[in-house]
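What follows is a set of notes on a single structure, which appears directly below.
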Amino acid sequence: MSQVDVRMPKSSTQGIVLMCIGVACLSTNDAIAKTLTDRYSPLQILFMRNVIALPFTILIALMIEGAIALRSHRPLAHLVRGALWVGATMMFFTSFMYLGLAEATALIFVAPFFITLISALFLGEAVGWRRWLAVLTGFIGVLMIIRPGGATFQLISMLPVATAFVYALLMLSARWVDPRESVWTLLIYLTGAGTLLSAAIVPFVWMPIQAQDLWLFGGIAIFGTIGMTMMTQAFRLSPAVLVAPLDYTGLLWATLFGWVIWSESLGTMTVAGAALIIASGVFTILRDKRQGRGRKHA
Numbered sequence: 088m089s090q091v092d093v094r095m096p097k098s099s100t101q102g103i104v105l106m107c108i109g110v111a112c113l114s115t116n117d118a119i120a121k122t123l124t125d126r127y128s129p130l131q132i133l134f135m136r137n138v139i140a141l142p143f144t145i146l147i148a149l150m151i152e153g154a155i156a157l158r159s160h161r162p163l164a165h166l167v168r169g170a171l172w173v174g175a176t177m178m179f180f181t182s183f184m185y186l187g188l189a190e191a192t193a194l195i196f197v198a199p200f201f202i203t204l205i206s207a208l209f210l211g212e213a214v215g216w217r218r219w220l221a222v223l224t225g226f227i228g229v230l231m232i233i234r235p236g237g238a239t240f241q242l243i244s245m246l247p248v249a250t251a252f253v254y255a256l257l258m259l260s261a262r263w264v265d266p267r268e269s270v271w272t273l274l275i276y277l278t279g280a281g282t283l284l285s286a287a288i289v290p291f292v293w294m295p296i297q298a299q300d301l302w303l304f305g306g307i308a309i310f311g312t313i314g315m316t317m318m319t320q321a322f323r324l325s326p327a328v329l330v331a332p333l334d335y336t337g338l339l340w341a342t343l344f345g346w347v348i349w350s351e352s353l354g355t356m357t358v359a360g361a362a363l364i365i366a367s368g369v370f371t372i373l374r375d376k377r378q379g380r381g382r383k384h385a
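According to our numbering, the sequence shown is numbered sequentially starting from 88.
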């Protein structure tokens with residue numbers, strides 16, 4: 088009797104590898120950003136990242152997809168998405184000035200629950216009791232991390248949560264983009280809009296860049312661009328249900344970087360809260376896929 092080949096398809100294996108590397112690169116991007124917040128405004132960090140990353144993003148898109156990647160049918164939608172991205176990144180980078188890297192990273196993972204809430208309350212999507220239970224579980228996880236009313240509560244802890252909300256709006260706003268546009272077009276215009284919008288404000292917070300920090304600004308652009316590119320390719324090569332949960336490995340990297348660079352450690356309640364957020368997030372991803380409601384990754 089012939090044996091059944093149960094090996095994973097090559098494309099899926101490649102997608103998993105690319106997703107893991109991409110998440111590691113974005114986690115490195117965040118660690119560098121946290122280092123730079125000691126000396127520069129989060130807005131200046133974002134501006135420099137975009138200015139350096141934009142040419143690389145365009146080049147990669149042209150190599151993979153050609154000149155069609157530069158064509159947009161709804162440029163205003165990209166400008167709105169750029170504003171959302173600037174707002175989300177500004178809040179997230181600002182939280183690095185006051186919170187540990189792993190704590191801030193854990194809280195931003197509540198974005199899928201905001202997507203569920205917005206979809207149900209404002210977009211009229213049907214949401215079953217299992218997904219509402221996942222939302223409640225994730226919310227409990229957030230409360231366990233920020234502990235409102237407790238002696239250790241910081242109002243600044245709400246910044247990553249606000250970041251997750253704006254990020255959820257950014258993900259849902261992908262529906263405004265013309266379906267003829269590829270994910271590479273979205274990446275180009277998102278980076279370009281972010282550059283344009285941050286350039287209008289950055290002169291008010293600009294600090295002279297020290298020579299020893301130039302490699303850090305270069306690093307944040309390179310790791311950010313590589314991370315987004317690899318994660319985008321991962322979603323192209325593999326089913327979302329397979330690679331999307333791997334995004335949560337970013338918490339492992341954030342914990343490692345926080346411990347090695349800043350001697351940070353996570354308390355028991357923070358670990359338990361993060362575990363609830365991740366578990367409910369993975370459930371939401373699996374549930375969405377099972378019901379055929381996969382979203383466009385951007």
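No residue lacks a Cβ here, since even glycine has one placed at the ideal position from N, Cα and C.
Pick from the options that is closest to residue i, judged by C-alpha positions
i           : options                           : result
glycine 174 : Ala148, Gly153, Ser269 and Phe252 : Phe252
leucine 196 : Arg158, Ser352 and Pro332         : According to the sequence provided, residue 196 is phenylalanine. The question's leucine does not apply to it. Among Arg158, Ser352 and Pro332, the Cα nearest to that of phenylalanine 196 belongs to Pro332.
valine 358  : Glu152, Gly314 and Ala341         : Ala341
valine 110  : Ser159, Thr203 and Thr319         : Thr319
Straight-line gap, residue i to residue j (C-alpha atoms, nearest Å)
i              : j                 : result
threonine 312  : glutamine 241     : 32 Å
leucine 373    : phenylalanine 200 : 13 Å
glutamine 299  : tyrosine 127      : 13 Å
alanine 362    : glycine 305       : 33 Å
methionine 335 : isoleucine 365    : Reading the sequence as shown, one finds tyrosine at residue 335 and not methionine. Cα to Cα, tyrosine 335 sits roughly 7 Å from isoleucine 365.
serine 350     : isoleucine 227    : 27 Å
cysteine 112   : alanine 308       : 10 Å
proline 326    : tryptophan 346    : 33 Å
alanine 213    : isoleucine 151    : 37 Å
isoleucine 202 : valine 248        : 13 Å
proline 290    : glutamine 297     : 17 Å
alanine 140    : methionine 106    : 20 Å
Close Cβ partners of residue i (< 7 Å) along its chain, the five nearest in sequence each way excluded
i                 : result
phenylalanine 344 : Ser114, Ala118 and Leu188
serine 285        : Leu130, Leu133, Phe134, Asn137 and Val173
alanine 156       : Ala148, Leu149, Ser269, Trp271, Thr272 and Ile275
phenylalanine 183 : Ala120, Lys121, Thr124 and Ala191
Start-to-end residues for the alpha helix (DSSP H) that takes in residue i
i              : result
tryptophan 349 : 337-349
glycine 279    : 270-288
threonine 250  : 245-259
Residues near residue i in its chain [Cβ-Cβ closer than 8 Å; skip 5 each side]
i          : result
valine 167 : Ser260 and Trp263
serine 99  : Leu324, Ser325, Pro326 and Leu329
Same chain only: Cβ atoms within 6 Å of residue i, ignoring 5 sequence neighbours per side
i                 : result
valine 348        : The sequence given here places isoleucine at residue 348; valine does not occur at that position. Contacts found: none.
phenylalanine 179 : Thr250
In chain order, which alpha helix (DSSP H) runs of at least 4 residues are fully inside the region 143-226?
162-182, 188-195 and 198-208
Please specify which runs of the alpha helix (DSSP H), each continuous and at least 4 residues long, are wholly inside the region 305-331, giving them in chain order.
327-330
In chain order, each alpha helix (DSSP H) run of at least 4 residues that lies wholly inside the region 97-128
97-123
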